[in-house]
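Here the sequence shown stands for residues 246 to 454, where the numbers follow our numbering. Read the structure below first, then the notes.
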Amino acid sequence: MPIKFKKLLYVKSVRIIIDRLWRDNPIFSMCLGVCSALAVTNKVENAIAMGVGVTFVLVASSVIISFLRKLISSRIRMIIYMVTISTFVIVVDRLLKAFFPSISEAIGPYIGLIITNCLIMGRADAFAIKNEVRYSALDGLASGIGYSYTLIIISIIREVLAFGSVLGMKVTPEWWTNWVVMAMAPGAFFVLSIFLWITRNMAKIQPEK
246 MPIKFKKLLY VKSVRIIIDR LWRDNPIFSM CLGVCSALAV TNKVENAIAM
296 GVGVTFVLVA SSVIISFLRK LISSRIRMII YMVTISTFVI VVDRLLKAFF
346 PSISEAIGPY IGLIITNCLI MGRADAFAIK NEVRYSALDG LASGIGYSYT
396 LIIISIIREV LAFGSVLGMK VTPEWWTNWV VMAMAPGAFF VLSIFLWITR
446 NMAKIQPEK
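As structure tokens, then:
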């Protein structure tokens with residue numbers, strides 16, 4: 246393989262990673278997957294589980310769709326996306342119920358929403374259907390990591406303020422009064438909005454129009 250071609254492959258891979266982790270971050274750049282960002286970030290363990298689940302579905306569905314891209318008709322591509330994504334979502338749901346029943350009970354209703362998550366559908370239609378398997382897998386992984394670390398940051402803030410702990414470990418002093426509102430929807434909106442404001446100012450990202 247020519248050195249110039251290898252360099253082009255490397256540059257494209259690096260660009261995909263940087264874009265998905267920061268410039269085109271699913272949550273604070275494109276505002277995708279906000280429902281789960283609000284619903285499951287009251288505790289860090291829930292955010293980690295959702296992040297891992299979404300990342301798995303992103304990578305697996307992107308690989309399958311990319312592999313079959315030349316066989317998928319444009320007329321039925323959305324149906325193929327839905328069937329592929331829902332298959333892997335069911336796998337995630339069953340694994341959570343089998344090995345992490347408490348987390349499954351807490352975020353179970355939102356696992357099913359991964360099927361219609363705009364992030365996964367968007368990456369499938371905007372990238373996986375048009376690119377090679379290796380790039381599609383990398384795109385899915387980077388998008389999933391970008392989504393996951395955003396969820397985890399928001400959940401750390403909310404769990405500390407709402408429960409005075411992180412992953413069940415007490416981190417606040419005895420005199421700390423828990424902010425109950427941070428475990429509720431208003432607290433989720435507040436933290437997410439502050440997070441969006443900070444990150445967009447840092448990166449000078451403008452809302453998508």
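A virtual CB, placed ideally from N, CA and C, is assigned to each residue, including glycine.
Review point. Quick one: is Leu437 buried, meaning 16 or more other Cβ sit within 10 Å of its Cβ, or exposed?
Key: With 16 or more other Cβ atoms within 10 Å, it is buried.
**Study point:** For Ser410, the residue or residues it bridges with in DSSP
**Key:** DSSP, once it has assigned bridges, lists Lys415 as partnering Ser410.
Review point. Counting Cβ pairs closer than 8 Å, one from the segment 338 to 354 and one from the segment 368 to 386, do we hit at least three?
Key: Flag = no, the segment 338 to 354 and the segment 368 to 386 do not touch.
Check your understanding: For Ile324, does the count of other Cβ atoms within 10 angstroms reach 16, so buried, or fall short, so exposed?
Key -> Under this definition Ile324 is an exposed residue.
Practice item. Let me know the alpha helix (DSSP H) ranges lying completely inside the segment 351 to 387, each 4 residues or longer, listed in chain order. Key: Listed in chain order, the complete alpha helix (DSSP H) runs (minimum 4 residues) inside the segment 351 to 387 are 363 to 371.
Review point. Which word fits Leu303, buried or exposed, when buried means at least 16 other C-beta atoms lie within 10 angstroms of its C-beta?
Key: Within a 10 Å sphere around the beta-carbon of Leu303 sit 16 or more other beta-carbons, which makes this residue buried.
Point to revise | Local Cβ density within 10 Å of Ile309, reported as buried at 16 or more and exposed below that | key: Answer is buried; the Cβ neighbour count reaches 16.
Review point. Count the other CB atoms within 10 Å of the CB of Lys454; is the residue buried (16 or more) or exposed (fewer)?
Key: Low confidence applies here, because Lys454 scores a pLDDT of 45, under 50, leaving its location unreliable and the question unanswered by this model.
Exercise for review: Name the residue from Ala343, Glu377, Ser331, Val337 whose alpha carbon lies nearest to the alpha carbon of Ile360.
Suggested key: That would be Ser331, whose Cα lies nearest to the Cα of Ile360.
Check your understanding: If you draw a straight line from the C-alpha of Ala343 to the C-alpha of Asn446, how long is it?
Key -> Taking the straight line joining both Cα atoms gives about 42 Å.
Practice item. Name the two residues that bound the continuous alpha helix (DSSP H) containing Ser281. Key: Counting along the chain, the alpha helix (DSSP H) containing Ser281 begins and ends at 279 to 284.
Check your understanding: Between Gly306 and Val297, what straight-line distance do the alpha-carbon atoms span, to the nearest angstrom?
Key -> Checking the sequence, you will find Ser at residue 306 rather than Gly. Straight-line Cα distance between these residues: approximately 14 Å.
Review point. The alpha helix (DSSP H) with Asn291 in it runs from where to where?
Key: According to the DSSP assignment, Asn291 belongs to the alpha helix (DSSP H) that extends over 289 to 312.
Check your understanding: Hey, how far is the Cα of Val282 from the Cα of Leu396?
Key -> It is worth fixing the name first, because residue 282 is Ala in this sequence and not Val. In this structure, the CA atom of Ala282 is about 6 Å from the CA atom of Leu396.
**Study point:** Per-residue burial, Gly432 [other beta carbons within 10 Å of its own, 16 or more giving buried]
**Key:** The residue is buried, with at least 16 neighbouring Cβ atoms inside 10 Å.
**Study point:** Cβ-based burial, Glu404 [other Cβ within 10 Å; buried from 16]
**Key:** By the Cβ neighbour-count rule, Glu404 is buried, with 16 or more other Cβ atoms within 10 Å of its own.
Exercise for review: Could you tell me which of Val425, Ile390, Gly409 sits nearest to Asn270, measuring between CA atoms?
Suggested key: Of the candidates Val425, Ile390, Gly409, the one whose C-alpha sits nearest the C-alpha of Asn270 is Ile390.
**Study point:** DSSP three-state assignment for Ser393, whether helix, strand or coil
**Key:** Of the three classes helix, strand and coil, the one that applies to Ser393 here is helix, per DSSP.
**Study point:** Reference Leu316; option with closest CA among Val425, Val426, Trp420, Lys375
**Key:** Here the closest residue by C-alpha is Lys375.
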